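J.: Dropping the structure in here first, questions after.
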Amino acid sequence: MLDIKFVRENPQIVKEAMEKRGAQVRLDEFLSLDEERRRKLAEVEQLKNNRNVVSKEIGLLKKEGKNADELVEQMGQVGEKIKHLDEEVKQIDEKSNEIIMGIPNMPHASLPIGLNESYNREERKWGEPRKFAYEPKAHWDLGESLNILDFERGAKVTGARFAFYKGLGARLERALINFMLDIHTGEHGYTEVIPPFMVNRNSMIGTGQLPKFEEDMFRISNSEYFLIPTAEVPVTNLYREEILEEKDLPILHCAYSPCFRAEAGAHGRDTRGLIRQHQFNKVELVKFAHPDNSYEELEKLTNNAEKILQLLELPYRVITLATGDIGFSSAKTYDIEVWLPSFNTYREISSCSNFEDFQARRANIRYRDAKGKPRFVHTINGSGLAVGRTTSAIMENFQQEDGSIKVPKVLQHYMGGVEFIRT
RNA sequence: GGAGAGAUGGCCGAGUGGCCGAAGGCGGUCGCCUGCUAAGCGAUUAUACGGGCUAAUACCCGUAUCGAGGGUUCAAAUCCCUCUCUCUCCGCCA
């Protein structure tokens with residue numbers, strides 16, 4: 001969430017930022033609620049002060065054996081007033097909280113301004129999309145003919161947008177997970193964690209999925225737990241309500257997890273293949289950084305994700321999302337898009353964001369500065385990478401005319417020396 | 001799942017109705033002392049919110065906070081209720 005004091009003191013700046021995002025927010029309503037809240041708060045605190053003072057007097061009088069009935073009677077009435085005012089303040093709090101929790105983050109000044117993805121800015125390209133002498137096949141066709149992906153039985157056993165990986169397909173997915181984790185832990189300095197794959201409501205609020213996007217989540221029906229949409233949620237919440245040491249920053253974690261997304265509103269989009277599933281694997285990178293250098297850390301994290309694609313020899317490009325295209329909690333996001341031959345375009349395979357203190361404020365993740373004062377950390381995360389989409393990209397980019405798939409060199413020893421996946 | 005114990009500041013730990021934002025210790029910070037080091041002495045050391053004063057996140061005042069939420073009371077860390085979590089024993093289990 002945004003800093004309430006900042007919103008109070010700079011409503012115009014917030015308003016303009018929200019316009020750049022194309023976000024509808026009830027800012028004026030919030031400001032007037034905020035003012036009312038402070039008025040009522042001053043009033044009730046005054047009464048509480050009175051009660052505290054008089055209660056002490058009553059204690060002293062009773063100790064001396066004197067009569068305090070009149071004061072007790074008075075304070076009884078004050079207590080009633082306090083109860084009512086407290087209730088009013090609580091209701092105002094709930095209303096204004098609902099509004100502020102629904103206000104997205106302020107976009108960083110370096111973003112291209114524009115209300116949709118057409119304004120996104122391409123930063124760089126790596127690798128050359130391969131020229132095919134034939135029409136390249138889609139990964140779902142390759143997967144079915146090689147008998148390494150099974151969408152029909154996925155749909156039978158669970159439903160639409162669920163799939164089985166089989167044989168060397170499963171092996172490839174698993175090889176990628178291990179490969180990515182090995183690079184990030186061994187060469188990029190991240191500490192691996194295996195998080196819970198379900199989290200409670202507070203964790204979902206901490207990273208910004210709730211309260212606004214509940215319909216995109218899978219909720220466990222007989223409990224208050226949610227299936228994680230990304231390891232970002234449990235890993236960022238690792239340090240929720242904690243105060244970290246400044247000298248420990250940045251803290252770097254990577255995590256493999258399956259991700260569960262209801263994909264509400266995605267009907268009809270990417271209905272075939274591994275691109276948009278209700279369950280997919282992902283290796284996530286998460287950083288807890290010092291506010292002074294969080295943007296450098298974002299660059300590094302993005303490079304760490306790119307490194308995986310480079311090692312796999314997959315062509316990609318990096319784009320900076322425009323103000324109208326970044327996610328709710330993000331201040332700045334780079335999307336890494338991998339080349340997919342059958343789509344004849346680049347598709348998102350990683351999204352790397354700096355949330356600044358937006359998540360840290362919601363989740364109350366702080367560090368102690370040189371003066372000993374707690375400050376909010378900046379949180380940064382990105383996919384390193386979406387594994388299912390990486391598998392798809394490998395299948396499509398490394399397909400051979402005979403329908404087989406060449407295994408990228410760096411993966412071969414993870415595949416037990418297999419060089420080609422063929423029937 | 002059954003029985004019991006517990007949750008207090010950065011950490012450990014005392015505190016069963018008012019003088020408790022909370023003893024004591026550890027750790028941290030500042031100062032003193034000691035020709036290094038170790039030790040010693042003194043002081044200081046929670047957070048959020050609101051108000052005042054400001055260049056100020058500095059200072060002053062107030063309110064709240066002793067796992068969370070509710071209740072009793074003039075007054076709750078302390079009494080009552082509900083929930084969450086932790087530990088011990090038993091059962092079950094990959």
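Here the first sequence stands for residues 1 to 423, numbered as in the numbering used here. Yeah, the Cβ is synthetic: ideal placement off N, Cα and C, and Gly gets one too. Bear in mind the structure is a predicted one, so any value in this text is a computation, not a measurement.
1) Just list the residues that DSSP pairs residue 399 with in beta bridges.
2) Where in the stretch 25 to 93 do unbroken runs of the alpha helix (DSSP H), each at least 4 residues long, occur, reported from the N-terminal end onward?
3) Pick helix, strand or coil for residue 430, following the three-state DSSP scheme.
4) What separation, rounded to the nearest whole angstrom, lies between the Cα atoms of residue 184 and residue 126?
5) Anyone know if the C-beta pair for residue 119 and residue 322 falls short of 7 Å?
6) Could you work out which residue in 94, 44, 105, 60 is closest to residue 78 when comparing CA atoms only?
7) Per DSSP, what kind of secondary structure is residue 217 in: helix, strand or coil?
8) Determine which residues share a DSSP beta bridge with residue 367 and list them.
9) Could you tell me whether the stretch 327 to 335 touches the stretch 348 to 358, where touching means 3 or more Cβ pairs closer than 8 Å?
10) Quick check: what's the CA-CA separation for residue 293 versus residue 305?
11) Between the Cα of residue 108 and those of 328, 347, 29, spot the shortest distance and give me the residue it belongs to.
12) Can you tell me where the beta strand (DSSP E) holding residue 193 begins and where it ends?
13) Kindly list the residues whose CB is nearer than 6 Å to the CB of residue 212, restricted to its own chain and excluding five residues on each side of it in sequence; keep chain order.
14) In whole angstroms, what separates the C-alpha of residue 347 from that of residue 116?
15) Is the distance from the Cβ of residue 203 to the Cβ of residue 235 below 7 Å?
16) Hey, residue 27 and residue 15 are a contact pair by Cβ (cut 8 Å); roughly how many whole angstroms apart?
17) Nearest by alpha-carbon distance to residue 8: which of 262, 33, 382, 409 is it?
18) Whole angstroms are fine: how far does the CA of residue 418 sit from the CA of residue 186?
19) According to the neighbour-count rule (16 or more other Cβ atoms, all chains shown, within 10 Å of its Cβ), is residue 269 buried or exposed?
20) What does the alpha-carbon distance come out to for the pair residue 385 and residue 90?
21) When you compare only the Cα positions, how much space is there between residue 365 and residue 245?
22) In whole angstroms, what is the alpha-carbon distance linking residue 11 and residue 104?
23) Residues in its own chain within less than 7 Å of residue 359 by CB, not counting five upstream and five downstream?
24) Buried or exposed, going by whether 16 or more other CB atoms sit within 10 Å of the CB of residue 134?
25) Under 7 Å, do residue 198 and residue 227 count as touching if we go by C-beta distance?
26) When burial is assigned at 16 or more other CB atoms within 10 Å of the CB, is residue 275 buried or exposed?
27) If you compare alpha carbons, which of 287, 372, 277 is closest to residue 154?
28) Could you give the DSSP three-state label for residue 155: helix, strand or coil?
29) Write down the C-beta distance between residue 389 and residue 338 rounded to the nearest angstrom, noting that I regard them as a contact closer than 8 Å.
30) Can you tell me which of the three DSSP states residue 207 falls into?
31) Tell me the rounded alpha-carbon separation between residue 341 and residue 152.
T.: By the coordinates alone:
1) Partner(s): 405.
2) Listed in chain order, the complete alpha helix (DSSP H) runs (minimum 4 residues) inside the stretch 25 to 93 are 27 to 63.
3) Outside the displayed span of the chain (1 to 423) sits residue 430, for which this structure offers no information.
4) 20 Å
5) yes
6) Ranked by Cα distance from residue 78, the first of 94, 44, 105, 60 is 44.
7) Per DSSP, reduced to three states, the secondary structure at residue 217 is coil, with no helix or strand assignment.
8) 244, 375
9) yes
10) Residue 293 and residue 305 have their C-alpha atoms spaced approximately 19 Å apart.
11) 328
12) 191 to 193
13) 102
14) 16 Å
15) For residue 203 and residue 235, no; Cβs fall outside 7 Å.
16) 6 Å
17) 33
18) 23 Å
19) exposed
20) 43 Å
21) 11 Å
22) 14 Å
23) Closer than 7 Å at Cβ, skipping near neighbours: 206, 207, 208, 236, 329, 379.
24) Result: exposed.
25) yes
26) That one is buried.
27) It is 277 whose Cα lies nearest to the Cα of residue 154.
28) Correct three-state label for residue 155: helix.
29) Right, the Cβ-Cβ distance comes to about 7 Å (below 8 Å), so this counts as a contact.
30) Correct three-state label for residue 207: helix.
31) 23 Å
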